[in-house]
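Residue 11 is where the sequence shown starts when you use this note's numbering, and the numbers rise one by one after that.
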Amino acid sequence: MKIGNKPVKIFEIRNRKGYAAICDDCLTEGATREEAFDRMVKAVSRIERRLKAR
Numbered sequence: 011m012k013i014g015n016k017p018v019k020i021f022e023i024r025n026r027k028g029y030a031a032i033c034d035d036c037l038t039e040g041a042t043r044e045e046a047f048d049r050m051v052k053a054v055s056r057i058e059r060r061l062k063a064r
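Structure below.
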């Protein structure tokens, strides 16, 4: 999966229930793969807004 041109790696968490997503030095967790990806989209957009403000 990708957000723009950034790759997103989604994997099942071993010691917990659910999935995690890693992209652009961000880590998010969710109960499903889709939830983890949706949270990652929000996290990446939040970081990009902060970088534009600088």
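Just so it is clear, CB atoms sit at the ideal spot from N, CA and C, and this is done for glycine as well.
Practice prompt. Check the C-beta distance from residue 53 over to residue 36 and give it rounded, since I have them as a contact under 8 Å.
Written response: For this step, residue 53 is matched to residue 43 along the sequence shown. For this step, residue 36 is matched to residue 26 along the sequence shown. Right, their Cβ atoms sit about 5 Å apart.
Item to complete: Report the three-state DSSP secondary structure of residue 62 (helix, strand or coil).
Response: As a first step, residue 62 is located in the sequence shown; it is residue number 52 there, counting from the start. The answer is helix: DSSP assigns residue 62 an H, G or I state.
Item to complete: Go to residue 20, then tell me how far its beta strand (DSSP E) extends in each direction, as first and last residue.
Response: Taking the first residue of the sequence shown as 1, we reach residue 20 at position 10. Residue 20 -> beta strand (DSSP E) spans 19-22.
Worksheet item: For the candidate residues 59, 42, 50, 19, whose alpha-carbon lies nearest to that of residue 26?
Response: Position 16 of the sequence shown, counted from the first residue, corresponds to residue 26. Of the listed residues, the one whose Cα sits closest to residue 26 is 42.
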